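Q: Residue numbers (the working numbering): 9 to 586. For each residue, glycine too, the CB sits at the ideal point set by N, CA and C. Computed from a predicted structure; not experimentally measured.
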Amino acid sequence: MSKPETTNAEIIRLLSLMGHFLEIKGENPFRVRAYERAAQTLSGLTRNLSEMAPEELGNLPGIGPGMTAHIQEILSHGNLKDLETIKKQIPEGIIKLLDIQGMGPKRAKLLWQTLKIDSIEALKKAAVEGKLRDLPGFGEKLEQSILKGADFAQAAAKRMLIWDARTIAADIVQRLKKSGVVVEAVAAGSLRRGKETVGDLDILTTARNGSKAIEFFTKLEQVERVLGAGETKATVWLKNQIQCDFRVVAPDSFGAALLYFTGSKEHNVVLREQALKLGMTINEYGIFKLTKGKAGRKVASKTEEEIYKALGMKWIPPELRENRGEIQAARSNKLPKLIELQDIRGDFHNHTKLTDGANALEEMAEAARAMGWEWVFVGDHSQSLKVANGLSPADLHRTIKEAQEFNAKSKGFRIFRSMEVDILKDGRMDYTDEDLGAIGAVIAAVHTHFKISGDEMTKRVIRAIENSHVDIIAHLSGRLLNRREPYEINVEEVLGAAAKNQTALELNGQPERQDIFDTQAKRAKELGVPLVLTTDAHSVHQFGYIQIALNIARRAWLEKQDLLNTMSAKEICEWLGN
Ligand code: DGT
Ligand code: CA
Ligand code: CA
Numbered sequence: 009m010s011k012p013e014t015t016n017a018e019i020i021r022l023l024s025l026m027g028h029f030l031e032i033k034g035e036n037p038f039r040v041r042a043y044e045r046a047a048q049t050l051s052g053l054t055r056n057l058s059e060m061a062p063e064e065l066g067n068l069p070g071i072g073p074g075m076t077a078h079i080q081e082i083l084s085h086g087n088l089k090d091l092e093t094i095k096k097q098i099p100e101g102i103i104k105l106l107d108i109q110g111m112g113p114k115r116a117k118l119l120w121q122t123l124k125i126d127s128i129e130a131l132k133k134a135a136v137e138g139k140l141r142d143l144p145g146f147g148e149k150l151e152q153s154i155l156k157g158a159d160f161a162q163a164a165a166k167r168m169l170i171w172d173a174r175t176i177a178a179d180i181v182q183r184l185k186k187s188g189v190v191v192e193a194v195a196a197g198s199l200r201r202g203k204e205t206v207g208d209l210d211i212l213t214t215a216r217n218g219s220k221a222i223e224f225f226t227k228l229e230q231v232e233r234v235l236g237a238g239e240t241k242a243t244v245w246l247k248n249q250i251q252c253d254f255r256v257v258a259p260d261s262f263g264a265a266l267l268y269f270t271g272s273k274e275h276n277v278v279l280r281e282q283a284l285k286l287g288m289t290i291n292e293y294g295i296f297k298l299t300k301g302k303a304g305r306k307v308a309s310k311t312e313e314e315i316y317k318a319l320g321m322k323w324i325p326p327e328l329r330e331n332r333g334e335i336q337a338a339r340s341n342k343l344p345k346l347i348e349l350q351d352i353r354g355d356f357h358n359h360t361k362l363t364d365g366a367n368a369l370e371e372m373a374e375a376a377r378a379m380g381w382e383w384v385f386v387g388d389h390s391q392s393l394k395v396a397n398g399l400s401p402a403d404l405h406r407t408i409k410e411a412q413e414f415n416a417k418s419k420g421f422r423i424f425r426s427m428e429v430d431i432l433k434d435g436r437m438d439y440t441d442e443d444l445g446a447i448g449a450v451i452a453a454v455h456t457h458f459k460i461s462g463d464e465m466t467k468r469v470i471r472a473i474e475n476s477h478v479d480i481i482a483h484l485s486g487r488l489l490n491r492r493e494p495y496e497i498n499v500e501e502v503l504g505a506a507a508k509n510q511t512a513l514e515l516n517g518q519p520e521r522q523d524i525f526d527t528q529a530k531r532a533k534e535l536g537v538p539l540v541l542t543t544d545a546h547s548v549h550q551f552g553y554i555q556i557a558l559n560i561a562r563r564a565w566l567e568k569q570d571l572l573n574t575m576s577a578k579e580i581c582e583w584l585g586n
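1) Tell me the DSSP secondary structure of residue 583 in three-state form.
2) At which residues does the beta strand (DSSP E) containing residue 213 begin and terminate?
3) Is there contact between the segment 297 to 305 and the segment 164 to 179, where contact requires at least three CB pairs shorter than 8 Å?
4) Let me know the beta strand (DSSP E) ranges lying completely inside the segment 438 to 481, each 3 residues or longer, listed in chain order.
5) With a CB to CB cut of under 6 Å and the five nearest residues on each side skipped, what residues in its chain are close to residue 83?
6) Closest by CA to residue 570, which one among 540, 554 and 550?
7) Would you list the residues whose beta-carbon is nearer than 5 Å to any heavy atom of ligand 1, in the order they occur in the chain?
8) Kindly list the residues whose CB is nearer than 6 Å to the CB of residue 255, restricted to its own chain and excluding five residues on each side of it in sequence; keep chain order.
9) Where does residue 398 fall in DSSP's three states?
10) Hey, quick one: how far does the alpha helix (DSSP H) through residue 299 stretch, first residue to last?
11) Name the two residues that bound the continuous alpha helix (DSSP H) containing residue 562.
12) Assuming residue 29 and residue 108 make a contact with CB atoms under 8 Å, what is their CB distance in whole Å?
13) Would the C-beta of residue 253 count as close to ligand 2, meaning under 8 Å from any of its heavy atoms?
14) What residue range is occupied by the uninterrupted alpha helix (DSSP H) comprising residue 232?
15) For the alpha helix (DSSP H) holding residue 128, just list the boundary residues, first then last.
16) Using a threshold of 9 Å, state whether the C-beta atoms of residue 270 and residue 344 are closer than that.
17) Under three-state DSSP, which class holds residue 118?
18) Could you check if residue 483 is buried or exposed, using at least 16 other CB atoms within 10 Å of its CB as the buried criterion?
19) Could you please give me the residues that DSSP links to residue 359 through a beta bridge?
20) Taking residue 26 as part of the alpha helix (DSSP H), name the residues at either end of that continuous run.
21) How should residue 38 be labelled, buried or exposed, when 16 other C-beta atoms within 10 angstroms of its C-beta is the threshold for buried?
22) Return helix, strand or coil for residue 101, following the three-state DSSP convention.
23) Could you pull the DSSP bridge partners for residue 253 from this structure?
24) Within this structure, are the beta carbons of residue 118 and residue 144 separated by less than 9 Å?
25) Once the 5 residues before and after residue 12 are set aside, which same chain residues still bring their CB inside 6 Å of it?
26) For a test of the three-state rule: what should DSSP assign to residue 263, helix, strand or coil?
27) Less than 9 Å between CB atoms is the rule here; does residue 183 satisfy it with respect to chain B?
28) Measure how close the beta-carbons of residue 65 and residue 43 come, nearest whole angstrom, since I'm counting them as under 8 Å.
29) May I have the straight-line CA-CA distance separating residue 457 from residue 426, to the nearest angstrom?
30) Would you give the residue range spanned by the beta strand (DSSP E) that residue 224 belongs to?
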């Protein structure tokens, strides 16, 4: 009953890969064949490899002493040294080719040797140009199916932004619940942990009739194709270009399954060790007393709280479950009281149609008020950012006046006119000191010259931090997820300077940006850097991105007092010094 940490499937996957890599490298065919054979033998096994003694393994057909050692190495370390070594000797792009359906090591090797194809991109180009069909064993039909498979593999390799993944998962969960075939349905995995991107969706359900639930799920209109379906689980590829794992468990083990499938894997591993120390074993069905090395009496399974309690700790919020100290904190009752949505009283960074936003100042203010907030900093871009129609000093002063007029009429809600001012290449700001002084809150950000050295970038941003007019630094990475890598910068130095000058750093809620990152925000808190959540909204519809910024904050262990968004309008005025 006890669930092994490393599954048979994982062991089989690693041994097959070893065979594939050896084949691509052109190693001795007997060696290649040995791995194929071992993988084949293990696929037919009904027992868990982790429960078998080395002698038993050695008795299996095709499993000699070498293979037994491999299996044991994977069981105890989760990986294989030889595999890592050989992997480094093959270009990464060629390894990626193996993810394409119908593309085995033989074909990958042939493509590499004859047409120098070393990436999925290169493969697609060759297929489009009709260069594959004449290769031995190929043909027009295979060329077409490889092209389709290549598109599929590329989509599957991309991690989806959490904002999109959440929408898709919420829709599926709602349909399941409405159908009546399931009792409970929840999205677990990285989505529940609030990670910035999601590899696949993990939908967990309870149902009285499991196979009926599976049938309903696999026939949902969002499903493009069923990759596998059994009695209690199914895996599908959705039309939304993401894979979705689905599981049905008995209502009694919901808590245990939720804990297991929420992860992270690293968190689960430590929980498991903790259970063992207490003479228990934990799996997706529950936590059990260990009797003679086997799972015995059940201690808890219904709720996550009960299981954590059995392990001697408080319930841990999913966002903290990354094995970054949360387990020790939970055991010594030192978990943070994480910031919540209702603690937030305003947003610091967004845009109007004066620059690249879609709505007017008043519309933005109304939408912010509709969020239940008490104030909003409405920003725009500064003059040199021509692509975003940056504001001239004259326009800047006009809109500052516009905000003052709004406030004169407004009751119980306040606009602070802020501005997202460019940090020029040398660290100077994009407005004069006098203009900066007139702006409610100055948010400084790098938008151009991303490619300078890390040293230069660090100096550039620190110069902005040290500028007494600058209140907040935005976009401390410049990345666009799946599109643009972060610029080079020494974050530790920047955080130090921000702490020293008490310049705030932004946690940006735009789904594609999400900078600064959770680990950086956690470090920032340790150093005493003031922090703000922002939506960077470019229309009234984007204030909901505060949820994304909140995810980062929670994953960074931040509490109410760590974020300036929890201040009242009056406190904000004091913070601004006016
Ligand atoms: P993703 O999908 O890459 O964004 O990340 P996750 O965390 O959603 O990972 P996924 O979908 O592979 O698995 C969902 C959860 O199931 C994972 O967070 C923990 C659990 N899990 C999966 N495989 C294992 C395993 O081999 N050992 C343990 N302890 N837990 C696992
Ligand atoms: Ca997942
Ligand atoms: Ca999964």
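A: Let's see:
1) helix
2) 209 to 214
3) no
4) 449 to 453
5) 14 and 58
6) 540
7) 197, 198, 206, 207, 208, 210, 269, 271, 272, 273 and 276
8) 212 and 241
9) coil
10) Per DSSP, residue 299 belongs to no alpha helix (DSSP H); it is in the beta strand (DSSP E), 294 to 299.
11) 554 to 563
12) Incorrect: roughly 16 Å between the Cβ atoms, too far for contact.
13) yes
14) Element bounds for residue 232: not the alpha helix (DSSP H) but the beta strand (DSSP E), 231 to 237.
15) 128 to 136
16) no
17) helix
18) buried
19) 387
20) 16 to 32
21) exposed
22) helix
23) 210 and 243
24) yes
25) Confidence at residue 12 is low in this model, with a pLDDT of 40, below 50, so its placement is unreliable and no value can be given for it.
26) helix
27) In summary, chain B is missing from the structure at hand, where a single protein chain is found.
28) With 8 Å as the limit, residue 65 and residue 43 do not qualify as a contact, their Cβ atoms being about 15 Å apart.
29) 23 Å
30) First-last for residue 224: 218 to 226, but that is the alpha helix (DSSP H), not the beta strand (DSSP E).
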